[in-house]
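Written below as structure tokens is the structure these notes are about.
2 protein chains.
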Amino acid sequence: MAEALYRQVASDLRLKINKGEWSPGTQLPSEPVLETLYGYLVGKGARLSRNTVRLAMAVLQNEGLVEARQGRGTFVRERVTFTVLASNEEGASSGRTDRDAFVAAVSVQGRHPEQLEFRMEIRKAALEVAERLRIDEDDPVVVRSMHRLIDGRPWSTQESFYPMDLATGTMLMSPSDIAHGTVEELRRHGHAQIGYRDEIVCRMPSQGEAVVLRLGAGVPVLEMFRTAYSVAGPIRLTINVYAGDSTRLAYDIGSQPVE
Amino acid sequence: MAEALYRQVASDLRLKINKGEWSPGTQLPSEPVLETLYGYLVGKGARLSRNTVRLAMAVLQNEGLVEARQGRGTFVRERVTFTVLASNEEGASSGRTDRDAFVAAVSVQGRHPEQLEFRMEIRKAALEVAERLRIDEDDPVVVRSMHRLIDGRPWSTQESFYPMDLATGTMLMSPSDIAHGTVEELRRHGHAQIGYRDEIVCRMPSQGEAVVLRLGAGVPVLEMFRTAYSVAGPIRLTINVYAGDSTRLAYDIGSQPVE
DNA sequence: CGGCACCACTCATTGGTACAAGTCGCCCCG
DNA sequence: CGGGGCGACTTGTACCAATGAGTGGTGCCG
Chain A
1 MAEALYRQVA SDLRLKINKG EWSPGTQLPS EPVLETLYGY LVGKGARLSR
51 NTVRLAMAVL QNEGLVEARQ GRGTFVRERV TFTVLASNEE GASSGRTDRD
101 AFVAAVSVQG RHPEQLEFRM EIRKAALEVA ERLRIDEDDP VVVRSMHRLI
151 DGRPWSTQES FYPMDLATGT MLMSPSDIAH GTVEELRRHG HAQIGYRDEI
201 VCRMPSQGEA VVLRLGAGVP VLEMFRTAYS VAGPIRLTIN VYAGDSTRLA
251 YDIGSQPVE
Chain B
1 MAEALYRQVA SDLRLKINKG EWSPGTQLPS EPVLETLYGY LVGKGARLSR
51 NTVRLAMAVL QNEGLVEARQ GRGTFVRERV TFTVLASNEE GASSGRTDRD
101 AFVAAVSVQG RHPEQLEFRM EIRKAALEVA ERLRIDEDDP VVVRSMHRLI
151 DGRPWSTQES FYPMDLATGT MLMSPSDIAH GTVEELRRHG HAQIGYRDEI
201 VCRMPSQGEA VVLRLGAGVP VLEMFRTAYS VAGPIRLTIN VYAGDSTRLA
251 YDIGSQPVE
């Protein structure tokens, strides 16, 4: 066997998509059509079985190239990306809120931002949280979380973790948004932020994430762990999970040339 | 229908893996065994069809949780991650080479680094390259590329693009490694690097990348575009493609607390 | 003329079968 | 005792069939 039939079909379809022969949004031929269309691979006038065609489509879906909608058809996926400049957020001088920062950044790129489902709760710290905040596992932490949307599409989830001893007596314990922002609120209580470390990984989404972010098959997520520090140590851990197909993170390091 | 059978099977297997009931490296029950094992989902004493079981396994493979090897079995995937501190590389003071930086960073984490397949060629600039180097599409660029391995496993590919006018007359045109490093070589020719911008995206690998990096199904890649600047403008674009399941990028922004 | 029912088409799920191909160990034969 | 062959077991590929379920348009009926 030279190469599996379904791989040949997938490769040919992939080629057509990458060459722009089928542009984003285009509907692919239906499965029965593809059966006869690629029948020549096994013989003149022959047809492929439906399973073989579906295996090929599964490959492309897992690559995030196409998206199947039951009852409608299969379409070339189209996604626009939003760039997050992650290196100059949370400037010491700014009095703007986190919300404002997000709204401003998105609006500049000509999109419509939204923040949803703001929640505050108290949880026991998981291992990856405890390690970064330098507390013990299962120590209580304050969690403030939300979802973000761009142009009505789910884009990212955010969870911020604060050590209990820092949060007590501050507005961080309030179950609503803070007008002047959490960074400023912590500063007012003697925990001025001096910097942060971002750790970035990519992986396939969990089931829950796929639902919340409305990710199709074959779309990975970008996960960012931001540990913020005061001079005394960690004051916050923020975990952002971004839809991988519509997010670009940017960091400016050192000096940038004048434009 | 409550939920598709194959999804129920996948969910249950996923749960067992995540709970650590099956640790990394463990062999999963074979397909025929799973058919009977989960037969109870459709009725007492019943069996699932092999297709259903295989669909469930495909889900887990696409999530990067397990890895099937023909003739052997299906195994819980095990991967260790390597962290790249991307924010303090290429310091102006260091005389170290790029190679040394990689080797040192990996060795510190107790692993064995390798660099392979060094190549130099001249190509026409693709759009994404031309935009960042601020040259015209199809302008010639010097490309220097390599693969990197950790503990004998492919880990990342790197391609560095230099504008033709900067590279001519420098060692960048030589088809071999530069002892003092490319940053230093450019500085000697009047193009001192003052900073860079990193852009990070994640996506599913192309077929070629999956082969070169030996990625199993369901493993995404992290792609980093690093545009380096002198005071006059862009002097280099480096594109790194990392195996997503074994890479963590880190950026330190602002001050870090003293340890 | 408006709304609803139905049909035609799409992909989704599940069942079955057969054979190919890779891996490994056992057993027999030299 | 050593080595090769064979067989058992694994996943991979390919086919067929039937039914479920979502979408959209057409046309009939009130």
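Listed in order, the protein sequences are those of chains A and B.
So for the first sequence, the UniProt record's numbering puts the first residue at 1; every next one is plus one.
So for the second sequence, the UniProt record's numbering puts the first residue at 1; every next one is plus one.
Ideal Cβ positions, reconstructed from N, Cα and C, are used throughout, including at glycine.
_Tell me the DSSP secondary structure of residue 32 of chain A in three-state form._
As a first step, residue 32 of chain A is located in the first sequence; it is residue number 32 there, counting from the start. Residue 32 of chain A falls in the helix class under three-state DSSP.
* **Cα-Cα separation between residue 251 of chain B and residue 86 of chain A, rounded to whole angstroms** => As a working mapping, residue 251 of chain B is identified with position 251 in the second sequence. As a working mapping, residue 86 of chain A is identified with position 86 in the first sequence. Answer to the nearest angstrom: the Cα atoms are 10 angstroms apart.
Unbroken stretches of the alpha helix (DSSP H), 4 residues or longer, contained in the stretch 184-227 of chain B: For the stretch 184-227 of chain B, whole alpha helix (DSSP H) runs of length 4 or above, ordered along the chain, are 207-212.
In terms of residue numbering, what span does the alpha helix (DSSP H) encompassing residue 11 of chain A cover? One-based indexing of the first sequence puts residue 11 of chain A at position 11. Its alpha helix (DSSP H) spans residues 5-18.
Exposed or buried, residue 169 of chain B, counting other C-beta atoms within 10 Å across all chains shown (16 or more means buried)?
One-based indexing of the second sequence puts residue 169 of chain B at position 169. Burial call: exposed.
query = Name the chain A residues that come within less than 8 angstroms of residue 62 of chain B, Cβ to Cβ?
reply = Numbered from its first residue, the second sequence carries residue 62 of chain B at position 62. Result: 62, 204, 217, 218.
- Task: List the residues of chain A that residue 255 of chain B touches, going by C-beta distances under 9 angstroms, in chain order.
- Result: Locating residue 255 of chain B in the second sequence gives position 255, where the first residue counts as 1. Chain A residues near residue 255 of chain B: 194, 195, 229, 231.
_Rounded distance between the beta-carbons of residue 148 of chain B and residue 200 of chain A, thought under 8 angstroms_ = Taking the first sequence and counting its residues from 1, the one referred to as residue 200 of chain A is at position 200. Taking the second sequence and counting its residues from 1, the one referred to as residue 148 of chain B is at position 148. At roughly 18 angstroms, the Cβ-Cβ gap does not stay under 8 angstroms, so residue 200 of chain A and residue 148 of chain B are not in contact.
key: DSSP state of residue 106 of chain A mapped onto helix, strand, coil   = The sequence position of residue 106 of chain A within the first sequence is 106, counting from 1. Under the three-state reduction of DSSP, residue 106 of chain A is assigned to helix.
### Task
Compare the C-alpha of residue 76 of chain B against each of B/117, B/84, B/60 and name the closest.
Indexing the second sequence from 1 puts residue 76 of chain B at position 76. Distances from the CA of residue 76 of chain B to each of B/117, B/84, B/60 were compared; the closest alpha carbon is that of B/60.
Inset, instruction - Report buried or exposed for residue 191 of chain A, applying the criterion of at least 16 other Cβ atoms within 10 angstroms of its Cβ. - result: Position 191 of the first sequence, counting from 1, holds the residue named residue 191 of chain A. Label assigned to residue 191 of chain A: buried.
Who are the near neighbours of residue 217 of chain B in its chain, counting only those whose CB is closer than 7 angstroms to its CB and skipping five residues on each side? Indexing the second sequence from 1 puts residue 217 of chain B at position 217. Closer than 7 angstroms at Cβ, skipping near neighbours: 61, 62.
inquiry  = Within 8 angstroms of any Cβ in chain A, is that where the Cβ of residue 165 of chain B sits?
reply    = Your numbering for residue 165 of chain B matches position 165 in the second sequence. The beta carbon of residue 165 of chain B sits no closer than 8 angstroms to any beta carbon of chain A.
**Message:** Can you give me the C-alpha to C-alpha distance between residue 187 of chain B and residue 193 of chain B, rounded to a whole angstrom?
**Reply:** The sequence position of residue 187 of chain B within the second sequence is 187, counting from 1. The sequence position of residue 193 of chain B within the second sequence is 193, counting from 1. Each residue's Cα considered, the two are about 7 angstroms apart.
**Report entry** Best match in A/176, A/84, A/122 for proximity to residue 105 of chain A [C-alpha to C-alpha]
**Finding:** The residue you call residue 105 of chain A lines up with position 105 of the first sequence. Nearest of A/176, A/84, A/122 to residue 105 of chain A, Cα basis: A/84.
When DSSP labels each residue in this structure, what does residue 88 of chain B get in the three-state scheme?
Position 88 of the second sequence, counted from the first residue, corresponds to residue 88 of chain B. Of the three classes helix, strand and coil, the one that applies to residue 88 of chain B here is coil, per DSSP.
Which residues of chain A have a Cβ atom closer than 7 angstroms to the Cβ of residue 40 of chain B, listed in chain order? Counting from one through the second sequence, the residue named residue 40 of chain B turns up at place 40. Under the 7 angstroms cutoff, chain A gives no residues; its nearest Cβ is about 22 angstroms from residue 40 of chain B.
*Taking 8 angstroms as the CB-CB cut-off, is residue 239 of chain A touching chain B?*
Position 239 of the first sequence, counting from 1, holds the residue named residue 239 of chain A. Not one chain B Cβ lies under 8 angstroms of residue 239 of chain A.
**Request:** List the residues that DSSP assigns as beta-bridge partners of residue 146 of chain A.
**Result:** Counting from 1 along the first sequence, the entry for residue 146 of chain A is found at position 146. BP columns for residue 146 of chain A point to A/158.
- Comparing alpha-carbon positions, which option in B/242, B/180, B/173 lies nearest residue 203 of chain A? Here the question's residue 203 of chain A lines up with position 203 in the first sequence. Closest by alpha carbon: B/242.
_Tell me the DSSP secondary structure of residue 61 of chain B in three-state form._
By one-based count along the second sequence, residue 61 of chain B stands at place 61. Reduced to three states, the DSSP call for residue 61 of chain B is helix.
| From the DSSP output, which residues share a beta bridge with residue 133 of chain A? | Position 133 of the first sequence holds residue 133 of chain A. According to DSSP, residue 133 of chain A bridges with nothing at all.
Check whether chain A comes within 8 angstroms of residue 119 of chain B, counting only Cβ atoms and requiring the distance to be less than that. Working through the second sequence from its first residue, we reach residue 119 of chain B at position 119. False, the Cβ-Cβ gap to chain A never drops below 8 angstroms.
### Span of the beta strand (DSSP E), counted from its first residue to its last, around residue 252 of chain B
Locating residue 252 of chain B in the second sequence gives position 252, counting from the first residue. Unbroken beta strand (DSSP E) run through residue 252 of chain B: 247-254.
Helix, strand or coil for residue 68 of chain A per DSSP? Within the first sequence, residue 68 of chain A is the residue found at index 68, counting from 1. Strand.
Interface flag, residue 252 of chain A vs chain B, CB-CB below 8 angstroms: As a first step, residue 252 of chain A must be located in the first sequence, where it is residue number 252. It does; some Cβ of chain B falls within 8 angstroms.
Item to check | Same chain, Cβ closer than 7 angstroms to residue 25 of chain B, neighbours up to 5 away in sequence not counted | outcome: As a position in the second sequence, residue 25 of chain B is number 25, starting the count at 1. The beta carbon of residue 25 of chain B lies closer than 7 angstroms to those of 75, 76, 78 in the same chain, with the five residues before and after it left out.
Review point. In three-state terms, what does DSSP make of residue 117 of chain B?
Key: Within the second sequence, residue 117 of chain B is the residue found at index 117, counting from 1. DSSP places residue 117 of chain B in strand when its eight states are reduced to three.
- Helix or strand or just coil, what does DSSP make of residue 101 of chain A? Residue 101 of chain A sits at position 101 when you count from the first residue of the first sequence. It is helical.
- [ ] Kindly list, in the order they appear in chain A, the residues whose Cβ is closer than 8 angstroms to that of residue 133 of chain B.
- [x] Here residue 133 of chain B is taken as the residue at index 133 of the second sequence, counted from 1. Residues of chain A whose Cβ lies closer than 8 angstroms to the Cβ of residue 133 of chain B do not exist, since the nearest Cβ in that chain is about 13 angstroms away.
Along chain A, which residues have their Cβ under 9 angstroms away from the Cβ of residue 87 of chain B?
-> One-based indexing of the second sequence puts residue 87 of chain B at position 87. Near residue 87 of chain B (Cβ distances below 9 angstroms), the residues of chain A are 87, 197, 198, 251, 253.
- Which term fits residue 64 of chain A, buried or exposed, when burial requires 16 or more other beta carbons within 10 angstroms of its beta carbon? Along the first sequence, read from residue 1 onward, the residue named residue 64 of chain A stands at position 64. Sixteen is the threshold: when 16 or more other Cβ atoms of the shown chains lie within 10 Å of the Cβ of residue 64 of chain A, as they do, the residue is buried.
Give a yes or no on contact between the stretch 126-139 of chain A and the stretch 150-168 of chain A, applying the rule of three or more CB pairs nearer than 8 angstroms.
-> The stretch 126-139 of chain A makes contact with the stretch 150-168 of chain A: 3 or more CB pairs, one atom from each, lie closer than 8 angstroms.
Discussion item. Any beta carbon from chain B within less than 8 angstroms of residue 248 of chain A's own beta carbon?
Written reply: Position 248 of the first sequence, counting from 1, holds the residue named residue 248 of chain A. Using beta-carbon distances, residue 248 of chain A counts as an interface residue toward chain B, with a partner under 8 angstroms.
Just to confirm before moving on: does the CB-CB distance between residue 122 of chain B and residue 142 of chain B stay below 8 angstroms? Stepping through the second sequence from its first residue, residue 122 of chain B is reached at position 122. Stepping through the second sequence from its first residue, residue 142 of chain B is reached at position 142. Yes; because the gap between Cβ atoms is below 8 angstroms, this pair is in contact.
In chain A, which residues lie with their C-beta within 8 angstroms of the C-beta of residue 186 of chain B? Counting from one through the second sequence, the residue named residue 186 of chain B turns up at place 186. Chain order gives no chain A residues near residue 186 of chain B, where near means a beta carbon separation below 8 angstroms; the closest approach is about 14 angstroms.
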